[in-house]
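A quick write-up on the structure given underneath.
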Amino acid sequence: MNLKISPSLLSADFGNLERAVRQVTAAGADSIHLDIMDGRFVPNITFGPGVVKSLRDKSGIPFIVHLMIEQPENMIPQFVEAGSDVVVVHAETCPHLHRTLQQVRELGAGAGVALNPSTPLCLIENIIEDIDELLIMTVNPGFGGQEFIPGMLRKIADARALVSQAGCDVDIAVDGGINQETCKLVWAAGANVLVAGSFVFDGPESIERALICLREQCHE
36 MNLKISPSLL SADFGNLERA VRQVTAAGAD SIHLDIMDGR FVPNITFGPG VVKSLRDKSG
96 IPFIVHLMIE QPENMIPQFV EAGSDVVVVH AETCPHLHRT LQQVRELGAG AGVALNPSTP
156 LCLIENIIED IDELLIMTVN PGFGGQEFIP GMLRKIADAR ALVSQAGCDV DIAVDGGINQ
216 ETCKLVWAAG ANVLVAGSFV FDGPESIERA LICLREQCHE
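Going by the numbering used here, the sequence shown opens with residue 36, and the numbers climb by one from there.
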């Protein structure tokens, strides 16, 4: 597996998002994770497509836009137009999930699906070939800085087995409570994309050192 690190701007200084984007890009991040929250599906509000568009030309690495919103199909065109490389929707908000994924792909972006901790993996097993990134939430979504839920390791392993059995190229990402200890556990379980926020932006190390630490811990 190819390890990828995707810093989450949810833990960055919202007054200096441009600086945060430039910093993680210079530090060697593989992509940037942007959490879009509407205050309804999750109890928090972040930003919209205008902010994504304003940041897009500040970095050359992929923007992974995670839509934690109700009725995402209404906003997907705006986020793709703003420069999203991959759009991740929640299975819990998409009654016609396959149709929504097709919408994303027809607009020219990669399509991802996120699953909350209590959402079973079986919801996506019949459409795994239509997914570019499977995002497994390892905390309940809405806020940064939460503790990792250990029970998600089994779910990650099952997801990797599902992808391997299907023979398709799907990134398995994890989001929530990723640090120098939990990164090793999720990597061993089968995740290859680490979404890390607090550890990167609020940790004791510099951003560059935090990314190096995550890579070293996974490969030791």
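A virtual CB, placed ideally from N, CA and C, is assigned to each residue, including glycine.
Quantities reported herein were computed from a predicted structural model and do not represent experimental measurements.
Of the candidates Asn175, Val123, Arg57, the residue whose Cα lies closest to the Cα of Asp206 is Val123.
Take the alpha-carbon of His101 and the one of His68: they are about 7 Å apart. By a beta-carbon distance limit of 8 Å, Ser119 contacts Ala144. Their separation comes to about 6 Å.
In this structure, Arg57 sits near Ser94, with a CB-CB distance shorter than 8 Å. Gly50 has no beta-bridge partner at all, per DSSP. DSSP, reduced to helix, strand and coil, places Leu170 within a strand of the structure shown. If you ignore the 5 residues before and after Asp165, its C-beta comes within less than 8 Å of the C-beta of His133, Leu136, Gln137, Arg140, Ala146, all in its own chain and listed in chain order. Each of Leu197, Thr173, Pro97 was checked against the Cα of Thr154, and the nearest Cα belongs to Thr173.
With 16 or more other CB atoms across the displayed protein chains lying within 10 angstroms of its CB, Met110 is buried. By the Cβ test, the segment 77 to 91 is not in contact with the segment 210 to 223, since fewer than three Cβ pairs between them sit closer than 8 Å. Across the set Ser66, Ile99, Val115, Asp73, the C-alpha of Asp73 shows the shortest separation from the C-alpha of Gln106.
When rounded, the separation of the alpha-carbon atoms in Ala201 and Gly50 is 43 Å.
Rounded to whole angstroms, Thr128 and Lys219 show a C-alpha spacing of 31 Å. Secondary structure remark: continuous alpha helix (DSSP H) runs of at least 4 residues inside the segment 98 to 171, in chain order: 111 to 117, 132 to 141. Residue pairing for Ala208: DSSP places it in a beta bridge opposite Leu170, Val228.
In this chain, Lys93 is not harboured by any beta strand (DSSP E), its DSSP state being neither H nor E. The residue among Thr60, Ser43, Met103 with its C-alpha nearest the C-alpha of Asp92 is Thr60. Relative to Asn227, the option among Gly238, Phe234, Arg250 whose CA is nearest is Arg250. The straight-line gap separating the alpha-carbon atoms of Ala62 and Ile242 is approximately 7 Å.
Taking C-alpha positions only, Ile80 is separated from Lys190 by approximately 28 Å. Residue range 242 to 254 is occupied by the alpha helix (DSSP H) that includes Leu246.
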